[in-house]
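Protein chains in written order, with our numbering: chain P, 109 to 325; chain S, 7 to 284.
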Amino acid sequence: MSKSELHREIINLKQDVLDMGKLSLKMLEDSIISLNTRDLELANEVNHNKHKLREFDAHIEERALKLIALYQPMAIDLRRLATILKMITYLYRLGRYGKDIAAIVKLLTDKTPLSEMLSITHMWEHVKSLIEDSIEAFDTSEITKLKDFEERDNEIDQMRWSIFRESVSYMMEDPANITICAHIIMIARYLERCGDHACKIGEKVHYMVTGGHIEIS
Amino acid sequence: MNLKVKTKLVKEISESQNADIEKIKAGNDIIIECKNLNLWYDDNHALKDINMIVKKNKVTAIIGPSGCGKSTLIRSFNRMNDVIEGCKTEGTVEFRGRNIYGNRISAMKIRKYIGMIFQKPNPFPMSIYDNILYGPKIHRMRDKKKLETILKNSLEMAVLWDEVKDRLKDSALGLSGGQQQRLCIARTLAIEPEVILMDEPTSSLDPIATAKIEELINDLKEKYTVIIVTHNMQQAARISDYTAFMYLGELIEFGETEQIFENPQERLTENYITGRFG
């Protein structure tokens, strides 16, 4: 196999990572929709997608390792493969949080819908845009997109604590709210972690493009 | 990338190349330094303004596509080009601060301090014993005990002693390719050089013999300075501390090996090591 085959295969792998990113985002998005609409069927679909997500993770990892073993890539090729290997872990975690949120939806079917009041949807919009931008930066190698990541991640952290405080006050108002609010606090935590994973993707994309390491804390 | 674009890139980088060298120069452990080294084979300008340093007790690799001048450069370090007709050198190559191209320096003496290993093992058609002691003997060493110590030490250092100790009087030509190359290394070590130049020392060897030589190079740097020309970039990445990338007779990039292979600063280096040309 020649080097140009390595480059072709890296392009294919990149496309698969982008497809995996789309799936992870869809799982998260559908889980939030199902949370708001109590759509059990959609929640089940999210749960079912975990198999597809697992397949993406395993196949991309296997092919990236094979390329490293066969070609001993260097410089940008090596950095891109290293980024892909880390990125699929973050994308896998993102999709799994979608699955976790969907699992909570199933527990909430008979309860009073509170999520819309609790700003989860608003928080999700911010998290979603951060994830989309991190994946787009990977796709286009355009790192200017990463400039405000730290600020945006801080906002997401603040939203999480705001939801926490809001939930606690609902719980204090009426103990019947405790179960659902405890779940809402968990969902806010998951979304906050999703923001962190988007930042980690941003860090790796920065490494891929420049060779330098940054920390988005 | 067409030739015009490549040539333009070569010109653009000369300033940043000098900055890299200044950074590495920090410290007083430089053993060889080329300053504005130019070399011509008749009209062919084979080395163009090379400025480079070699650090003591380190392995420096020289990489680049065929015909880029890497073998010419390594041969300049011990004046092996002197024997080529029509070859003209300008600029200086300083070994421990003295220009080896100076008027009163003998090439013979230089080669005692700066030994060389070639692509194809070239043992002399004589016994293993005589191969190793050929150098010390022409440097007029007669003490038999001393010679035997040199013999054993050199072969041990080249990790060959255990394989040949019972057949030292056998012809060196009966050894395998890998053993012959290690014998040539032992023969170079016998004259106690300070620098060992290696011009693609493993390109004619099988993977096991190659691994042995690579391990040996790693051990050698405790006592010696090694400069190696190699076509195998993974080998350069594995064994060297510093790497120089050459193209069309110019030194394009010189730096710590890790940086060159993980994050080269020059587009030409990046394109070469990722297999986009060459």
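Note that beta-carbon positions come from the ideal geometry of N, C-alpha and C, so glycine has one too.
Residue i vs residue j beta-carbon contact at 8 Å
| i | j | result |
| --- | --- | --- |
| P/His380 | P/Arg201 | In this structure chain P extends from 109 to 325, so residue 380 of chain P is not present and cannot be described. |
| S/Ile234 | P/Met182 | no |
| S/Glu220 | S/Ile191 | no |
| S/Gly121 | S/Thr194 | yes |
| S/Leu189 | S/Asn269 | no |
| P/Leu141 | P/Leu131 | Sequence inspection shows Ile at residue 141 of chain P; the Leu mentioned does not correspond to that position. It is not a contact, given that the beta carbons lie outside the stated cut-off. |
| P/Gly310 | P/Ile324 | yes |
| P/Leu114 | P/Ala172 | no |
| S/Leu139 | S/Ile156 | yes |
| S/Ala250 | S/Met58 | yes |
| S/Asn63 | S/Thr236 | no |
| P/Ile243 | P/Leu126 | yes |
| P/Leu133 | P/Ile239 | yes |
| S/Ser133 | S/Lys76 | no |
| P/Thr248 | P/Asn144 | no |
| P/Lys207 | P/Lys174 | no |
| S/Tyr119 | S/Ile90 | no |
| S/Gly255 | S/Leu53 | yes |
| S/Lys158 | S/Gly97 | no |
| P/Ile196 | P/Asp165 | yes |
| P/Tyr298 | P/Tyr205 | yes |
| P/Lys214 | P/Leu148 | yes |
Three-state secondary structure (DSSP) of residue i
| i | result |
| --- | --- |
| S/Val232 | strand |
| S/Arg104 | strand |
| P/Asp127 | helix |
| S/Phe251 | strand |
| S/Thr275 | helix |
| P/Asn155 | helix |
| S/Met239 | helix |
| S/Gly141 | helix |
| S/Leu166 | coil |
| S/Thr98 | strand |
| S/Leu181 | coil |
| P/Leu121 | helix |
| S/Leu174 | coil |
| P/Glu163 | helix |
| S/Ile258 | strand |
| S/Met7 | Note that S/Met7 scores 49 on pLDDT, short of 50, meaning its location in the model is unreliable; the coordinates nonetheless yield the value given after this. Coil. |
Exposed unless 16 or more other CB atoms sit within 10 angstroms - verdict on residue i
| i | result |
| --- | --- |
| P/Trp269 | exposed |
| S/Pro129 | buried |
| S/Asp35 | exposed |
| P/Ser112 | exposed |
| P/Met280 | exposed |
| S/Pro131 | exposed |
| S/Thr148 | Note that residue 148 of chain S is Arg in the sequence shown here, rather than Thr. Label assigned to S/Arg148: exposed. |
| P/His314 | buried |
| S/Gln241 | buried |
| S/Ile214 | exposed |
| P/Glu259 | exposed |
| P/Glu170 | exposed |
| P/Phe246 | buried |
| S/Leu161 | buried |
| P/Ser139 | buried |
| S/Arg81 | buried |
Proximity to residue i [Cα-Cα], best of the options
| i | options | result |
| --- | --- | --- |
| S/Lys227 | S/Ile202, S/Phe101, S/Ala52 | S/Ile202 |
| P/Tyr198 | P/Asp127, P/Ser112, P/Gly320, P/Cys307 | P/Cys307 |
| P/Arg301 | P/Met279, P/Ile264, P/Thr287, P/Ile288 | P/Ile264 |
| P/Trp232 | P/Glu117, P/Ile209, P/Glu169 | P/Ile209 |
| S/Lys207 | S/Pro71, S/Glu200, S/Gln125 | For the record, residue 207 of chain S in the displayed sequence is Pro; it is not Lys. Comparing Cα positions, the closest option is S/Gln125. |
| S/Ile123 | S/Gly108, S/Asp48, S/Gly261, S/Ala164 | S/Ala164 |
| P/Lys168 | P/Gly129, P/Thr252, P/Val213, P/Val276 | Note that residue 168 of chain P is Ile in the sequence shown, not Lys. Here the closest residue by C-alpha is P/Gly129. |
| P/Leu161 | P/Ile184, P/Leu143, P/Asp124, P/Asn144 | P/Asp124 |
| P/Ile271 | P/Arg260, P/His291, P/Glu258, P/Ala284 | P/His291 |
| P/Gly320 | S/Thr216, S/Glu264, S/Lys41 | S/Glu264 |
| S/Asp218 | S/His51, S/His145, S/Lys150, S/Gln186 | In the sequence on display, residue 218 of chain S carries Lys and not Asp. Considering only alpha carbons, the answer is S/Gln186. |
| S/Ile106 | S/Asp176, S/Lys152, S/Ile68, S/Ile38 | S/Ile38 |
| S/Thr66 | S/Val170, S/Lys151, S/Glu262 | S/Glu262 |
| P/Glu254 | P/Leu143, P/Lys312, P/Glu163 | First, the amino acid is wrong: residue 254 of chain P is Leu here, not Glu. Among P/Leu143, P/Lys312, P/Glu163, the Cα nearest to that of P/Leu254 is on P/Lys312. |
| P/Asn155 | P/Ala284, P/Asp282, P/Ala211 | P/Ala211 |
| S/Ile144 | S/Ser177, S/Ala196, S/Arg110 | S/Ala196 |
| S/Glu200 | S/Ala52, S/Val60, S/Leu45 | S/Val60 |
| S/Ser210 | S/Arg104, S/Leu257, S/Pro127 | S/Pro127 |
| S/Met252 | S/Gly73, S/Asp49, S/Cys40, S/Leu153 | S/Gly73 |
CB contact check: residue i to chain C, cutoff 8 Å
| i | result |
| --- | --- |
| P/Gln180 | The structure shown has no chain C; the protein chains it does contain are P and S. |
Residue i: CB within 7 Å of a non-hydrogen atom of the ligand GTP
| i | result |
| --- | --- |
| P/Lys236 | Although the ligand GTP was asked about, the structure shown includes no ligands whatsoever. |
Requested in this report: Counting only runs of 3+ residues fully inside the stretch 190-220 of chain S, write out the beta strand (DSSP E) ranges in chain order.
Outcome: Those beta strand (DSSP E) runs which fall completely within the stretch 190-220 of chain S and span 3+ residues are 201-205.
Requested in this report: Please list the segments of the beta strand (DSSP E) lying wholly inside the stretch 109-133 of chain S, counting only runs of 3 or more residues, in order along the chain.
Outcome: The qualifying runs are 120-123.
Query raised in the report: Counting only runs that start and end within the stretch 198-261 of chain P, where is the beta strand (DSSP E) found for 3 or more residues in a row?
Result: Positions of the beta strand (DSSP E) runs, each at least 3 residues long and wholly inside the stretch 198-261 of chain P, cannot be given because no such run exists.
Query - beta strand (DSSP E) segments (min. 3 residues) lying fully within the stretch 22-85 of chain S - result: Segments of the beta strand (DSSP E) lying fully in the stretch 22-85 of chain S: 36-47, 50-61, 65-69.
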